[in-house]
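Residue numbers (the UniProt record's numbering): 1 to 1086. Glycine included, C-beta positions come from ideal geometry on N, C-alpha and C. Just so we're clear, the structure is a prediction, and the values are computed from it rather than from any experiment.
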């Protein structure tokens, strides 16, 4: 029966080419009408003439008798054709329904007996073949095209003319002015389609192809007003005529108001349901490939979600239910779905923030930052469990990154809400910098986005808060800290209480230091921003204000009349103020050290601000007589004015805007020219002020010569008062004065000048920064007794040539006293004396200077190598780490340049050592052992030649009475033997016996560890050559390692033995199973 009904449908829907039509049709529409009539006539003929279709005819008549919508006398050929299709479709549906009932009620007994477990289940009667589905699809398309779409009102659904050429053809065939009326036809077709959809097999065909048309018909039937609306024109009410379906592409009709109202109401209801937003998005975006059209759909849906519909009862209820669903769209993992949903969620959120900030803050931004807010507002002591889970922080950081950074649409409400969470986010960023975490990149990008889009005052205030310059850094609540999570993230847990005050203070100070370093690293990423420079200048201005307040703070306060509460508040205020000043200095120091000057001062206006800050501090110091005449202040002021002179006499002319910004320099320059005690500085300040005021029209020669300024003669690069007043030679005059005719006339000083004295301002900033900072530190470290006031000589921390030029180095650091081929004997002698100085910094700097002199093959240092060696050996006994490590480095360099002599001397020291004090002798021997280890590493290919004598020394040292010396000898032995290669062969037996004996008989675990480590280093260094070099003792070494694994009680020794066994296993595997090489060998026969 099913096949017969579908056969009848195929006859009815036969294409025009297969239909025999008599006569000539002038148009396609006439041909189509004739084909429809011919197909109906052919169907009636077959139903009456063929016996196989008798049951179909009976069922069709039964269905015809049961439906009320048959109109037999209709004059519309298309509707008559649709009625026949509907009758056959209903007949098919009833037949399938009956067969399904019989199939479910009485299964075939024969099939039940023959069925086996591997057989497929029997097909239900409603399963159609591919050909049958094609026939059914064609019938449904005719029904929808001829019986549904032509009767939709303008603006409802997609017109047929917009779909295909067949649709254009059909639009002119339908007659609307004959019975039945169009609304009746639309109702009939829609009712039949819904009746067909009761069966799942037919519903799939209907809904997958014609769901939109069915929904449009239902909307029109259920909600279209019965009377014409006032704003509906006659053209909209009139049906489209044949002439309107031509080739012209007329615009789509606007949807009628009732349909827009209905769609808005239905959409609002669906969106406010659970998972309604996700369902609507899937319906709209399903099947998209992520192209441009899909992104436009995403933006359109986002605008719909962000706007509260008019049909909603209240905006509050709408946003309270939609906003959480928007945030959930950010958490999908499927790539294509996640991209589309993320774009919709991001655009919708940003649109809400701009259009409805109040609701967005309450229902969108507050939940978005809730995890970060919880980290900063935790309360309650005694908690031991995780308070904010890892997945919460991870999701929060990722969501903020997607909305803020990816969306990249900054607005005031969004920046304000994010600013409240910035302290906690910065703490999380500092934590990720200490650990390997996937949250580091999103946190850094969010912080950079915030600082890059915030207003300058807000950004500077936030930076000061993060650096704890305003009294509190905010961030994570006290008593809590971030800890690593199991998936590479972070979680907030209660911190352990530290009972020791010193440990607590150390943790707090180190935490603050790390925050400042992280802030400097974050600022270093802002390469195209002016914020680092503005923040640096803000700190300098605060430093200037601090210097102005010092005098007021130093005035004595009468505390006798204070109450205890007032006294306590006064003391706490002083402590807080000093802590903020220390924090300010710390931030400045880290920024000067970690950030390049091109980032701190990237604009001319910032350079001018920097100079203004320097001059203002100098003006504040003029009120203090001692500070104004101090060497550091004088040199800093001189360099600042030299910087101004460089700006004025630079290669590129200054613009009017540059001179306008430099006008801020006029007041401090005037005050310096009137009040500074040094006449030279007064004159230069006056000349600079004149040049700025006249916009360069009048520029004295002093301004040009000031750009060639070199630091005055100093002790440790700190100018002394005596040097400024004493002039013993022209060369000294060129150093002590800022400008002088001898600067150009004296050949010795002229030779020290740079070729281009009119360098741009960027080249002067690093010298200014390093000299001003290093001058303060060296002035504190250098003992007054070590300073040389004479212009010809200096202490070992700052050796310079007597011709007036300074040696290279950064701000007069230790590199300035490095001897060279042209350095006089006096300078080298000063370095030798400095190596015996009681002050630790001076001694250490002198030792490192001598080391560099040896490395640079300085002639005088090489000639006096015996003296240098003696100094290095004597300083090995010093208790300060900085000193004896410098001596160790120097001895290692000497041993690298003169291995035969130096190694022989070191062997003697290592075997015997000074015997005045046993403890000091032991420490010195261990330090000599460190030198020998470094020398062994530096031997390289010369190890077989120079290392043989050392093997005997180290083997004898393994019998020393002190276990530390024995461990040191074994450590050195391992470093040396792994570099001897085949030269180790003669020592293999003795070495094996020594190591085996120590492993089995030594009581000290440290020595046993060292012995096992020697074997591991041997196997690692020899690698594949171990089977040749250690062929006689390899079995003994293997047994010794196995003995350690089985019997030794020390876990570290067992671990070393296991690692050595793994190395030995790799060696033997490569020996027994060598890697196959695709190579050919040519053997020449004799």
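Of the residues 843, 970, 340 and 1003, the one whose Cα lies closest to the Cα of residue 991 is 970. Fully contained in the segment 8-74 are the following alpha helix (DSSP H) runs of length 4 or more, in chain order: 28-49 and 54-66. In this structure, the straight-line span from the alpha carbon of residue 681 to that of residue 659 is close to 22 Å.
In the same chain as residue 425, and ignoring 5 residues on each side of it, the C-beta atoms closer than 7 Å to its own belong to 372, 443, 446 and 447, in chain order. Per the DSSP secondary-structure output, residue 491 pairs in a beta bridge with 483. For residue 1083, the three-state secondary structure derived from DSSP is coil.
Per DSSP, residue 459 is one residue of the alpha helix (DSSP H) stretching across 456-466.
Of all C-beta pairs linking the segment 974-993 to the segment 1010-1018, three or more are shorter than 8 Å, placing the two stretches in contact. Taking the Cβ atoms as the reference, residue 148 lies roughly 6 Å from residue 213, within the contact range of under 8 Å.
Beta-bridge annotation (DSSP): residue 388 is paired with 492. In this structure, DSSP gives residue 221 a helical state, which the three-state scheme calls helix.
The beta carbon of residue 938 is closer than 8 Å to those of 892, 895 and 896 in its chain, skipping five residues each way along the sequence. Following the DSSP letters along the chain, one finds residue 165 inside the alpha helix (DSSP H) bounded by residues 165-171.
In this structure, DSSP gives residue 134 a helical state, which the three-state scheme calls helix.
Runs of alpha helix (DSSP H) with 4 or more residues, each lying fully within the segment 946-988, are found at 948-957 and 963-977, listed in chain order. When Cβ pairs closer than 8 Å are counted between the two stretches, the segment 635-649 is seen not to touch the segment 582-598, the count staying below three. Judged by their CB atoms, residue 1001 and residue 1040 are not nearer to each other than the 8 Å cut-off. Selection 101, 967 and 257 evaluated against residue 926 yields 967 as nearest (Cα-Cα). Per DSSP, the continuous alpha helix (DSSP H) segment holding residue 614 begins and ends at 604-621.
Within the model, the alpha-carbon separation for residue 467 versus residue 697 is close to 45 Å. Cβ atoms of residue 463 and residue 535 come within 8 Å of each other, at about 5 Å.
Contact between residue 142 and residue 85 is confirmed by a C-beta separation of about 6 Å, below the 8 Å threshold. Within the same chain, 819, 828, 850, 853, 854 and 868 come within 8 Å of residue 861 by CB-CB distance, once the 5 residues on both sides are set aside. According to the DSSP assignment, residue 453 belongs to the alpha helix (DSSP H) that extends over 440-453.
Taking 8 Å as the cut-off, the Cβ atoms of residue 156 and residue 74 do not count as close. Per the C-alpha coordinates, the member of 835, 1057 and 1035 positioned closest to residue 847 is 835. Sequence-distant partners of residue 676 (beyond 5 residues in either direction) whose C-beta falls short of 6 Å from its own C-beta, in its chain, are 682. Under the three-state reduction of DSSP output, residue 342 falls in the helix class. Spanning the alpha carbons of residue 999 and residue 1061 requires a straight line of approximately 15 Å.
Between the segment 342-359 and the segment 402-416, the count of C-beta pairs closer than 8 Å reaches three or more; the two stretches touch.
Contact between the segment 595-610 and the segment 481-495 is absent: fewer than three C-beta pairs spanning the two stretches fall below 8 Å. When secondary structure is reduced to three states using DSSP, residue 1042 falls in the helix class.
Contact check for residue 4 against residue 66 fails: the beta carbons are separated by 8 Å or more.
Assigned with DSSP and collapsed to three states, residue 280 falls in helix. Burial check for residue 959: the Cβ neighbour count within 10 Å stays below 16, so the residue is exposed.
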